[in-house]
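>
Number of protein chains: 2
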Amino acid sequence: MKKIFRINMSTLTVSQEVISEDYNLFGGRGLTAKILLKEVDPRIHPLNKNNKLIFAPGLFSGTTIPCTSRLSVGSKSPLTGGIKESNVGGPVSQKLGRLDVAAIIIEGQSSNGFNILRINDQGVISFDPANDIQGMGNYETTEKLFKIYGEEVDILSIGLAGERLLLAGTIAATDQEGFPSRHAGRGGMGAVMGSKGVKAIVIEGKIDGKVAPLDKDLLKESVKEFSEFVLKINKMNNQFGTTSLVKFINKANGLPTRNFRRGNFEKAELISGERITELIKERGGKISHGCYPGCVIKCSHVFNDKDRNHVTSKLEYETVGMLGSNLEIDDLDMIAKMDRLCSDIGIDTIELGATIGVLMESGFIPFGAAGEVVKLLEEIYKGTPLGRLIGSGCDIVGKVFGCQRVPVVKGQALPSYDPRALKGMGVTLATSPMGADHTAGPIFPGMGSLDPKKPDGQVEFSKNLQINCAILDNFGLCLYTSPSNKTMEFINKAIKALYGETMSLEGLYEIGKKILEMELKFNENAGLKCGVDDLPLFFRQESLPEINAFFDVPLEELQSVRKNFLK
Amino acid sequence: MKKIFRINMSTLTVSQEVISEDYNLFGGRGLTAKILLKEVDPRIHPLNKNNKLIFAPGLFSGTTIPCTSRLSVGSKSPLTGGIKESNVGGPVSQKLGRLDVAAIIIEGQSSNGFNILRINDQGVISFDPANDIQGMGNYETTEKLFKIYGEEVDILSIGLAGERLLLAGTIAATDQEGFPSRHAGRGGMGAVMGSKGVKAIVIEGKIDGKVAPLDKDLLKESVKEFSEFVLKINKMNNQFGTTSLVKFINKANGLPTRNFRRGNFEKAELISGERITELIKERGGKISHGCYPGCVIKCSHVFNDKDRNHVTSKLEYETVGMLGSNLEIDDLDMIAKMDRLCSDIGIDTIELGATIGVLMESGFIPFGAAGEVVKLLEEIYKGTPLGRLIGSGCDIVGKVFGCQRVPVVKGQALPSYDPRALKGMGVTLATSPMGADHTAGPIFPGMGSLDPKKPDGQVEFSKNLQINCAILDNFGLCLYTSPSNKTMEFINKAIKALYGETMSLEGLYEIGKKILEMELKFNENAGLKCGVDDLPLFFRQESLPEINAFFDVPLEELQSVRKNFLK
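In order, the protein sequence lines correspond to chains Y and L. For this note's numbering, count along the first sequence from 1 and bump the result up by 8. For this note's numbering, count along the second sequence from 1 and bump the result up by 8.
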């Protein structure tokens, strides 16, 4: 039976409980939502000791099903003031799944400074002081911890942003090479971990056992078919990673350029996935690399500098868009450097890119000035007020600098998609309980029969996709397995094979709907801006020059999403 | 007939219209609410050219009725994101009333930098460039303007905070001595004026004419009776100004001390109204001084330094509380210096005091360090990121510094009252459409038969008081005339005498209710945090040590206020 571990940081004690019936078929995002709604007062300050930080592997994590090593990190978000599920890859979730961990709930607040949590290969949790690594970035932190605990551990950690409670602070997860390159990036989960007094979580041992299915043959058969499907739809991603999107989205005029002034970056070629792959090959990096051992998509890569030294793994599309075209920066090496610094500080690259865009818009530094961006990142290291400010995200910086063009929804920065060219995506960003979050229901050109530049049908499409994405996050499936009906059918087969439970597709959708309902309920009780599920007004008032389009999905239609799920 | 002037800053043109029937009996706050609800999209960015900045004298301003020179400044607030009426004294409102101005609506946005608006004694409006005064504080600005336009003008101006669009920026109004010491302080009205490109509004000429009543005798008779009543209830205020409250509120354990950790400041005597009066007398300042010529209360004073040089007029209770006890600063000369700097920069002393309290709580500077506060104010002059941050108010600084004890409601800082000791006041702060605003319905110990430390009956009391305060603000009456039934009866008599209209008390209350309804409606459409009308949770979770009390007015009762007015 799966277990829930409760770690009380106030008393440095651990308790363990078997997961209750009530949580049946809820894992990952579904489980974090259910626990938060049940146990956390939605009105508390997100950094209060009574907030909880929950790590929940997807329900399929640890099984032989490929692309299921996604970990949900849930809490009340200091960035949005609402509920948050921030999702991260790497081997951690797989390991936790194999330890039969349903969730680790971190409660209370340490009174003795920062701590290291150790989970050994029997699932026993203990505490070590973090004096030696406090004040270090994620790279130095993980290097130290590998020395102490051995090369085979996996690590979740926070950098300086999390330690300092900055709202854009992330939680880093180590990848297969041990680099802290994967991040539960969105919503300030790093700040919550910092507030608890947890610097790192070390998951020890080599965990070989896999979660045993009830019906091995059925699982094997359906996994085979599913793997083929997933491989087929991810050819580009296998070659160019998520940055295969750069040219694609640029062509659709949806690549944010100059703080969302334009949707087409004339130098997109220079920061494209194709160019990245070229450089990687020249410099002895890696392409077609998995973020965890069982992945079949392998969208990851290892990016080296000119001297063939590791810089970052990996350059994501969102990072390249928000720190590249959005800032009119076309120098991939500088973007990689920024990405490395962000990973080390533990700060969300999306939030940072949008924040710097607003600072550039305000004239604080010029567009295109990559060197100046690096200097601003150094301010975060130094802990200056300016550094704190930048680490507090786009919404706050917009207010402090009197900027009107601030690309945020519910306090969280927009990812790298212009919603005037990609209206379905815009609907998701406007209506997701997470704030602006593309992973909540990404709608790309060519999906369905919709014209991305037209408002018609986008709300209905987004609504259904948000349900399917919630289901993926519940079971720990990577978004690149696709939130399609095909994947939903596979999930049902896997449920049958793993647990012997037969469920209709309708039954599965009910889980997704329930998750959204719980999240929206939490937000409503939190007093989160509840009147308006919409994009910033400038997207409705300023036309995107390339296609002369406004965001014109009617507000009432957007608001119907909330009403639909909340009942 | 009263007129509305529309000043279009985009085109530098003025148009004039006679006030419509629809606005009958709406002036001041009521008129600003009505215009904003009708003409401004509640969802626009507050610094957008489509926001409007409205100056509306109270309906009685310019008549012989005493204490009616209150000017309402209305706009969508950059601080709260909701509607705002910020109220200011001084002679301006009286002058505008005598010019038959119902409202000046500033629209659009200047494209040629900052301008000076001139209103001559015939009510003709023209534009002058503000090149010579741009970048100056309010003191230097007004000195220059008096030289150019003559000593008899009155001036509304913004300092550096307003020019730089800082969220806590005020609009200063000159007092009888020509000092820019009166401020429409709350909600960032200075930033809106800055965004329009208006540095100053100069109201020229000596305006002698008074608004003629229909029934002179009735007005004279009721004014006499009303003046006696007002004088009787303001004996303390006449002697010690609003700072007569320091000892009174301290005794009630409601004087915020050390960022609302305590409600009793052991050195309250040193910053009391009594002590201020003593110093003023020693140093050749003035007491019992009116903020405009026709005042009978005369709560104002002129505060000099040891060398008998003018420092500030005047030290308000809110300033002394928030920059004094709240920061554990007991040096009146330092408080006066800060107040002078705030007047010059054009920044709200309440917002600043709460902001610095949070910075002290976060350990950025120590409690009691008055010199450090002055240095922080210098950062605003310099326009550094830290300066911008501090000028952005308490809510933002709390988020940037990861502070949990942030005394704000709807983004606006609490004034100088601890709501655990003064629960009725707490209800007003929690539920007013303005955010935390004591003037929206101030409930002091001894008012009604309520025990200020008990939650019982406070919601009903606050609700009724909020109606009466809205009525005062509609007619331009100073809050010190009291939001009592006696004053309401007088207002009805004055309406009869001035306009010949007979109205029941119920009819008058309907005006107050209508104002609140419009304001709440605007906020709802703005998507202002609408789920929670409550104080920050720490007031419910931390006991006020002196009386061991939490804020315990039930949330449902607080939320009934909104429901009551919105219908």
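For glycine and all other residues, C-beta sits at the position ideal for the given N, C-alpha and C.
Scan the region 53-67 of chain L for residues whose Cβ lies nearer than 7 Å to a Cβ of chain Y and list them as they occur along the chain.
Residues H53, L55 and N56.
> Would you mind sorting N482 (chain L) into buried or exposed? The rule is 16 or more other CB atoms within 10 Å of its CB.
Classification of N482 (chain L): buried, given that the 10 Å Cβ count is 16 or more.
> How many angstroms separate the CA atom of I595 (chain L) from the CA atom of G90 (chain Y)?
Because chain L is modelled from 9 through 575, residue 595 (chain L) falls outside the range shown and cannot be assessed.
> Exposed or buried, which one is G432 (chain L) when buried takes at least 16 other CB atoms within 10 Å?
Buried is the call here.
> Buried or exposed: which applies to V210 (chain Y), given that a residue is buried once 16 or more other Cβ atoms fall within 10 Å of its Cβ?
Its Cβ being crowded by 16 or more others within 10 Å, V210 (chain Y) is buried.
> Taking T19 (chain L) as the reference, which of L:Q117, L:G177, L:T363 and L:V26 has the closest Cα?
Residue L:Q117 is the option with its Cα nearest to T19 (chain L).
> With DSSP run on the structure shown, which of helix, strand or coil describes F135 (chain Y)?
DSSP places F135 (chain Y) in strand when its eight states are reduced to three.
> With G454 (chain L) as the anchor, note down where its beta strand (DSSP E) starts and where it stops.
Looking at the DSSP string, G454 (chain L) is not in any beta strand (DSSP E), and its letter there is neither H nor E.
> How many angstroms separate the CA atom of L227 (chain Y) from the CA atom of I503 (chain Y)?
Using only the alpha carbons, I get a separation of about 9 Å.
> Taking a cut of 7 Å between CB atoms, which residues from the region 392-413 of chain Y lie near chain L?
The residues in question are P393, L394, R396, L397, S400, I404, K407, V408, F409, G410 and Q412.
> Report the three-state DSSP secondary structure of F13 (chain Y) (helix, strand or coil).
In the structure shown, F13 (chain Y) sits in a strand (DSSP, three-state: E or B).
> Is the region 485-492 of chain L close to the region 52-60 of chain L, with three or more CB pairs under 8 Å?
Output reads no: the region 52-60 of chain L does not touch the region 485-492 of chain L.
> What did DSSP end up calling D162 (chain Y) once you bin it into helix, strand or coil?
D162 (chain Y) falls in the strand class under three-state DSSP.
> Considering only C-alpha positions, which residue in the set Y:K243, Y:K522, Y:I337 and Y:Y507 is nearest to M9 (chain Y)?
Ranking the options by Cα distance to M9 (chain Y), first place goes to Y:Y507.
> So the beta strand (DSSP E) I209 (chain Y) belongs to, where does it begin and stop?
Per DSSP, I209 (chain Y) belongs to the beta strand (DSSP E) from V206 to I211.
> With burial defined as no fewer than 16 other Cβ atoms inside 10 Å of the residue's Cβ, what is the status of D560 (chain Y): buried or exposed?
Exposed.
> In chain Y, which residues lie less than 8 Å from N172 (chain L) when you measure between Cβ atoms?
The question names Asn, but residue 172 (chain L) in the sequence shown is Arg. Going along chain Y in sequence order, the residues near R172 (chain L) (Cβ under 8 Å) are G410.
> Residues in the same chain with beta-carbon distance under 6 Å from T71 (chain L), minus the five sequence neighbours each way, listed in chain order, please.
The residues are V219.
> Taking C-beta to C-beta, are G249 (chain L) and H318 (chain L) nearer than 9 Å?
No, Cβ-Cβ distance for G249 (chain L) and H318 (chain L) is not below 9 Å.
> For L360 (chain Y), which residues in chain L fall below 8 Å Cβ to Cβ?
In chain order: nothing, as chain L lies at least about 15 Å away.
> What first and last residue would you give for the beta strand (DSSP E) that runs through K57 (chain Y)?
Element bounds for K57 (chain Y): n/a, residue is neither H nor E.
> Looking at C-alpha atoms only, which residue of L:N128, L:K207 and L:E159 is the closest neighbour of I141 (chain L)?
Ranking L:N128, L:K207 and L:E159 by Cα distance to I141 (chain L) puts L:K207 first.
> Between S69 (chain Y) and the rest of its own chain, which residues show a CB-CB distance below 6 Å, the 5 nearest in sequence each way excluded?
Correct list, in chain order: T76, S77, S101, Q102, G105 and G484.
> Spatial neighbours of S203 (chain Y) within its chain, please: CB distance less than 7 Å, with the 5 preceding and 5 following residues excluded, ordered by chain position.
So the qualifying residues of the chain are L55, Q117 and L173.
> Flag R51 (chain Y) as yes if its beta-carbon sits less than 9 Å from any beta-carbon of chain L, otherwise no.
Yes, contact with chain L.
> Using a Cβ distance threshold of 8 Å, determine whether the region 400-417 of chain Y contacts the region 514-530 of chain Y, with at least three qualifying pairs required.
With the cut-off at 8 Å, the region 400-417 of chain Y and the region 514-530 of chain Y do not touch.
> Step through the CB atoms of chain L and report whether any lies within less than 9 Å of the CB of F248 (chain Y).
Chain L, which has no Cβ nearer than 9 Å to the Cβ of F248 (chain Y), makes this no.
> Closer than 9 Å by beta-carbon distance: list the chain L residues that pair up with L175 (chain Y), in chain order.
Within chain L, the residues near L175 (chain Y) are K407, V408 and G410.
> H446 (chain L) to S94 (chain L), Cα distance in whole Å?
Rounded to the nearest angstrom, the two C-alpha atoms are 12 Å apart.
> Who pairs with N123 (chain Y) in a beta bridge, going by DSSP?
Per DSSP, Y:P137 and Y:V206.
> Hey, is the region 389-409 of chain Y in contact with the region 366-379 of chain Y, meaning 3+ C-beta pairs nearer than 8 Å?
As far as the Cβ criterion goes, the region 389-409 of chain Y touches the region 366-379 of chain Y, which means the pair count is three or higher.
> Which residue wins for smallest C-alpha separation from V381 (chain L), given the options L:D339, L:I166 and L:P441?
Checked all of L:D339, L:I166 and L:P441; the closest Cα to V381 (chain L) is L:D339.
> Roughly how many angstroms separate the alpha carbons of Q567 (chain Y) and P427 (chain Y), rounded to a whole number?
Their Cα atoms are separated by approximately 17 Å.
> Taking only beta carbons into account, state which residues of the region 523-545 of chain Y come closer than 9 Å to chain L, listed in chain order.
Answer in chain order: N531, E532, N533, A534, G535, L536, K537, C538, G539, V540, D541, D542, P544 and L545.
> Just verifying my parser: in three-state terms, what is the DSSP assignment at P441 (chain Y)?
Correct three-state label for P441 (chain Y): coil.
> For the pair the region 167-182 of chain L and the region 29-38 of chain L, tell me if three or more CB-CB distances fall below 8 Å.
Contact fails: fewer than three Cβ-Cβ distances are below 8 Å.
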